[in-house]
Structure formats: C-alpha cells, structure tokens
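Structure first, commentary second.
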Amino acid sequence: MVYNFATLDFGESFFGKGPVLKLIKDRLPISMTLGLWTLILSYGISIPLGIRKAVHDGTRFDVWTSSAVIVGYAIPGFLFAVLLIILFAGGNFWNIFPRKGLGSDNWNDLSLIGKVLDYLWHIVLPITAMALGGFASTTFLTKNSFLDEIKKQYVTTARAKGLNERQVLYGHVFRNAMLIVIAGFPAAFFGALVEGALLIEQTFTLNGLGQLGYDALRSRDYPIIFASLYIFGTIGLLLSLISDLVYTVVDPRIDFESREV
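Residue 837 is where the sequence shown ends in this note's numbering, and the numbering goes up by one at each step.
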C-alpha cells in the first residue's frame, strides 16, 4: 500500500467505476478554480483595505469597516451562498446569475471569449460566498503589520528626510509589513482549496473534490477517502515548506546558516 501510494496508484473506486486518480484529476480543476479565485479576491480586497485602515487607525472609517468585516466573517459561507441565490439567482428577487454549474448548456457552441465570459458569469456567486470569510483575518493581519512598522524608528527617519506619506508607506513600510502576509500565501491557498468548499459545492451543484469526498464517505468508498487524505496531506506539507522558503525570499535578513550557534 505504501509503495502504491508513493507511485500515486490508489486503485479502483468501489462505486465510481474507474481509477481513483482519474476521478480526482477530473474533479481537481473545479476545486482549484474555487480556491484560486477565492484567494485572489480575498487578498485583492483585504490588503488595500488593511493598509487604509492602518493609515486611518481609530477614525470612523476604521471603526465601521472593522464592524462590517467582523459581521461578514461571522456569517457562514453556505448561508451567505443561499442568500446570494435568493437575491440574484432566480429566488425571490433578481435572476442575474446562474445558480449551478460552471458552464452553460451551450458551452461547446460558444466562442473562446464567450466561454471565458460564461465561466466568469457562473463563478461570481460561489466565489463571493467563499471569499467572505477570508476577508477578516487578512485585513486585520495587514493592518496590524503596518501599524507595527509605522511606529518604528526608520519611518520617523524617512519622514525627517522630507519624504511624503505615500513614499514612506509604499517605499519603506510596505515591504517589511507585507512579509508575514506574503509568506502565508501558500498556506492560505491550501485553506481556500480545502476549507468550506463542500457546502458551497453542494449549494451551487459543483462537482469538485469536496463533493467527491462527501459521496465517498456516504458510500464508504475507502480508496477515494484514503487517496483524498493522502493528496491533501501531501499538498499541505509541501505548501508549509514553501511558506518557510518564501520568508527567506521576501526577507533576505532571515538566514539561519550565518548565525552563530
């Protein structure tokens, strides 16, 4: 069994009618899509928001945005998904977005641009529902990192040299403050890939890895269960290693070999 797993030979599914690895490869792009777009949206909003909150710390803007982020974080993603369907997917209000799948029935007849637009049209609601819970931690982490750096002596020196606030903020503070945020990107991607995807996939009828694992548990399809645990565990270990290596890339001062024991 150890040899088979090392060579990615997980055997045949009991009920899936095919090799386990093929079933996982067929579902993996959907989960990768959800995780990657969720992370891009979360970081793309949280980092600018965290910087602005740090610059305007204690102001009315900081207070009401903190309240909004915390409230959004407290709402479960699947509950927000249901709310989005009710509002925008043919519930009781507007019918703007599709409520299931990642492509329309006429997908094969569309042009390349049409396929891209159709794909983006389908992922708006599930990505929005998944990204909601990721705003809080990244936003407050960015804010606190910037606040810690702004209080340091080199920032005072930069201001004394006549640099304006934008030059100080993005020329000096940004790199040091973003170390912990950038280095945590691989682990955050793994969290977005694994956590919370099942209920979102169920709500929007997306056949990703979360749905595959849930069906395997219900039918006691042990080859798929073991393979999923093995693959996710391996990915988690690799991304943790990458996170540590990213620290040394973004901050060359971290060099344990040059330290005296």
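Glycine is no exception: its CB is placed at the ideal position from the N, C-alpha and C atoms.
Q. Can you give the Cα-Cα distance for residue 665 and residue 680, rounded to whole angstroms?
A. Along the sequence shown, one-based indexing puts residue 665 at 89. Along the sequence shown, one-based indexing puts residue 680 at 104. Going from the Cα of residue 665 to the Cα of residue 680 covers about 14 Å.
(Q) Since residue 712 and residue 656 should fall inside the 8 Å C-beta cutoff, what is the C-beta to C-beta distance between them, to a whole number of angstroms? (A) On the sequence shown, residue 712 is found 136 positions in, with the first residue counted as 1. On the sequence shown, residue 656 is found 80 positions in, with the first residue counted as 1. Contact doesn't hold; Cβ gap of about 13 Å is too wide.
Q | Three-state class that DSSP yields for residue 605 in the structure shown | A | Here residue 605 corresponds to residue number 29 of the sequence shown, with the count starting at 1. Here residue 605 sits in helix by DSSP.
**Q.** Entirely enclosed alpha helix (DSSP H) segments - the stretch 702–782, minimum 4 residues
**A.** 711–726, 729–736, 741–744, 750–753, 755–759, 761–770, 773–779
Q. What are the start and end residues of the alpha helix (DSSP H) that includes residue 641?
A. Walking along the sequence shown from the start, residue 641 turns up at place 65. Its alpha helix (DSSP H) spans residues 636–650.
Q) Taking the C-alpha atoms as reference points, what is the distance between residue 686 and residue 606? A) Against the sequence shown, residue 686 aligns to sequence position 110. Against the sequence shown, residue 606 aligns to sequence position 30. About 20 Å.
Q. Hey, would you say residue 600 sits closer than 9 Å to residue 757, going by beta carbons?
A. Numbered from 1 along the sequence shown, position 24 holds the residue referred to as residue 600. Numbered from 1 along the sequence shown, position 181 holds the residue referred to as residue 757. Not a contact, by the Cβ cut-off of 9 Å.
Q. Just the Cα atoms here: how many angstroms apart are residue 635 and residue 627?
A. The count along the sequence shown starts at 1 and reaches residue 635 at position 59. The count along the sequence shown starts at 1 and reaches residue 627 at position 51. Spanning the two alpha carbons is a distance of roughly 13 Å.
Q. Does DSSP classify residue 674 as helix, strand or coil?
A. By one-based count along the sequence shown, residue 674 stands at place 98. Of the three classes helix, strand and coil, the one that applies to residue 674 here is coil, per DSSP.
Q: Determine which residues share a DSSP beta bridge with residue 595 and list them.
A: Here residue 595 refers to the residue found at position 19 when the sequence shown is read from its first residue. Paired residue(s): 588.
Q) Which one of 637, 825, 730, 811 has the shortest CA to CA distance from residue 608? A) Here residue 608 refers to the residue found at position 32 of the sequence shown. The candidate whose alpha carbon is nearest that of residue 608 is 811.
Q) With C-beta atoms as the reference, is residue 641 less than 9 Å away from residue 625? A) Position 65 of the sequence shown, counted from the first residue, corresponds to residue 641. Position 49 of the sequence shown, counted from the first residue, corresponds to residue 625. For residue 641 and residue 625, yes; Cβs fall inside 9 Å.
Q | Length of the line joining the Cα atoms of residue 584 and residue 594 | A | Against the sequence shown, residue 584 aligns to sequence position 8. Against the sequence shown, residue 594 aligns to sequence position 18. C-alpha separation (whole angstroms): 15 Å.
(Q) If the criterion is Cβ atoms closer than 9 Å, does the pair residue 747 and residue 708 meet it? (A) Locating residue 747 in the sequence shown gives position 171, counting from the first residue. Locating residue 708 in the sequence shown gives position 132, counting from the first residue. Not a contact, by the Cβ cut-off of 9 Å.
Q) Do residue 754 and residue 718 come within 9 Å of each other at the CB atom, strictly closer than that value? A) By one-based count along the sequence shown, residue 718 stands at place 142. By one-based count along the sequence shown, residue 754 stands at place 178. Yes, Cβ-Cβ distance for residue 718 and residue 754 is below 9 Å.
Q. Per DSSP, residue 665 forms a beta bridge with which residues?
A. Here residue 665 refers to the residue found at position 89 of the sequence shown. Partner(s): 671.
Q | residue 652 Cβ short of 8 Å to the ligand MN heavy atom set | A | The ligand content of the structure shown is nil, which means the ligand MN is not present either.
Q: Could you tell me the distance, in whole angstroms, from the CA atom of residue 619 to the CA atom of residue 613?
A: Counting from one through the sequence shown, the residue named residue 619 turns up at place 43. Counting from one through the sequence shown, the residue named residue 613 turns up at place 37. Cα to Cα, residue 619 sits roughly 10 Å from residue 613.
Q: Select from 787, 739, 639 the residue whose C-alpha is nearest the C-alpha of residue 602.
A: Numbered from its first residue, the sequence shown carries residue 602 at position 26. That would be 787, whose Cα lies nearest to the Cα of residue 602.
Q.
Quick check on the DSSP output: the alpha helix (DSSP H) that includes residue 680 runs from which residue to which?
A. Taking the first residue of the sequence shown as 1, we reach residue 680 at position 104. Unbroken run through residue 680: none, as it is neither H nor E.
Q. When the cut-off is 9 Å and only beta carbons count, does residue 727 lie next to chain D?
A. No chain D is part of this structure, which consists of one protein chain only.
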